[in-house]
Each structure stands twice: as C-alpha cells, then as structure tokens.
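Here is the structure we will look at.
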Amino acid sequence: MNRKLSIYLAIVPILLVLIGCAQVGPVNPQDVAAKNAKTHQEHNSLASYYDNVAKEMDSKATQNKALLKDYEGHSEYYGRRGQDFHSHATANLRHYEQEAQDALRKAEFHRKVAAELLKREFAQPSETTDPAAAREVKVKLKSDSDNLN
Numbered sequence: 147m148n149r150k151l152s153i154y155l156a157i158v159p160i161l162l163v164l165i166g167c168a169q170v171g172p173v174n175p176q177d178v179a180a181k182n183a184k185t186h187q188e189h190n191s192l193a194s195y196y197d198n199v200a201k202e203m204d205s206k207a208t209q210n211k212a213l214l215k216d217y218e219g220h221s222e223y224y225g226r227r228g229q230d231f232h233s234h235a236t237a238n239l240r241h242y243e244q245e246a247q248d249a250l251r252k253a254e255f256h257r258k259v260a261a262e263l264l265k266r267e268f269a270q271p272s273e274t275t276d277p278a279a280a281r282e283v284k285v286k287l288k289s290d291s292d293n294l295n
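The number in this note's numbering is simply the position in the sequence shown, starting from 1, with 146 added.
Laid out in structure tokens, this is it:
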C-alpha cells in the first residue's frame with residue numbers, strides 16, 4: 147500500500163506540470179507573420195490575406211442568412227429542434243459578421259503600416275555601397291568647401 151501511494155505521489159505532479167505546459171489553443175500562422183512583418187510588401191500581403199478572410203466570412207454569413215430565412219419560413223419542418231437550429235444559425239451569423247469586421251479592421255491597419263513604411267523608404271537617403279563613389283562625394287565636398295573661402 148505504501149509503495150502504491152509513493153508512485154501515485156510521484157506521477158501526479160509530473161502530469162500536472164505536463165498539463166500546465168500544454169498549449170491551450172492553436173497558433174495562427176498569420177498572427178505570427180503579422181508580428182514579424184517588417185517591410186511594406188509583407189504588410190501589403192497581410193492586408194490582402196485579411197481582405198480574403200473578410201470575403202470568405204461574408205460569403206459564410208450570406209449562407210447562414212439563407213438558412214435562417216429557411217428556418218423562419220418553414221419552422222414546422224424542424225419540429226422541436228427548430229429553435230435550436232434557429233439559435234445556432236443566428237449565433238453563426240453573428241460570429242461570421244464579427245470575424246469579417248475584424249478582418250477588415252486588420253487589413254486596414256496593415257495597409258496603413260505599409261503606406262507609412264513606403265513613405266519612410268522614400269524619405270531616407272539612399273546609401274552608396276560603392277567605396278569609390280563615396281570617395282568621389284568626399285572629394286567634391288572638399289573642393290566645394292575650398293571655393294567658399
């Protein structure tokens with residue numbers, strides 16, 4: 147009896163630690179990409195992705211509206227389960243509309259960030275990587291400063 151208790155007391159904390167470290171929900175790769183996006187092209191691609199998600203959610207919402215009309219128009223066909231079908235379709239409709247709004251909001255955010263990054267790219271002076279060209283600029287600056295004296 148004492149051995150069983152010691153095995154139990156050793157295994158239970160290990161299982162609790164494993165359960166505590168387990169991932170609760172799925173990781174969305176687009177959320178990871180949104181956090182790691184640095185260029186305007188990446189933000190533009192994220193904006194187009196969220197636009198596509200919004201279109202998909204709108205089409206699903208349209209399908210649920212049609213189902214909802216069918217449930218309301220022919221509730222006698224569904225019997226006791228008709229109210230469950232109706233409330234389920236209503237909940238789905240709300241969910242899809244909310245997801246479409248969220249996706250449009252995210253797409254607009256990424257468009258704004260992409261536009262800001264594009265402005266910053268054009269506002270920064272281009273750096274020359276050619277050392278010879280850099281020397282020419284220094285020589286020109288020195289000769290211009292000699293003319294000022």
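Glycine included, every Cβ here is placed at the ideal spot set by N, Cα and C.
Checklist entry - So, using beta-carbon positions, are GLY103 and TYR217 closer together than 8 Å? => result Absent from the structure is residue 103, since the part of the chain shown begins at 147 and ends at 295.
Checklist entry - Thinking C-alpha only, which one of LYS215, THR185, LEU214 and ALA246 is nearest LYS296? => result Only positions 147 to 295 of the chain appear in this structure, which leaves residue 296 out of reach.
Item to check | Supposed contact pair ALA207 and ALA237 - C-beta distance, whole angstroms, cut 8 Å | outcome: No, ALA237 and ALA207 are not in contact; Cβ-Cβ is about 12 Å, not under 8 Å.
Next on the checklist: Short of 6 Å in beta carbon distance, which residues of its chain neighbour VAL199, apart from the five on each side in sequence? Order them along the chain.
Outcome noted: ALA249
Item to check | alpha helix (DSSP H) runs contained entirely in the stretch 173–225, provided each spans 4 or more residues | outcome: 175–182 and 186–219
Checklist entry - Over what stretch of residues does the alpha helix (DSSP H) that includes ARG149 continue unbroken? => result 148–167
Checklist entry - Can you tell which of LYS211, ALA260 and GLU243 has the C-alpha that lies nearest to the C-alpha of PHE231? => result LYS211
Checklist entry - Could you give the distance in angstroms between the alpha-carbon of SER205 and the alpha-carbon of ALA156? => result 53 Å
Checklist entry - Contact check, LEU192 vs HIS256 under 8 Å by CB: the rounded distance? => result 4 Å
Item to check | Same chain, Cβ closer than 7 Å to LEU263, neighbours up to 5 away in sequence not counted | outcome: THR185, HIS186 and HIS189
Checklist entry - With 16 as the cutoff for other CB atoms within 10 Å, does ALA261 come out buried or exposed? => result exposed
Next on the checklist: Between the alpha carbons of ARG251 and LYS215, how many angstroms are there, rounded?
Outcome noted: 29 Å
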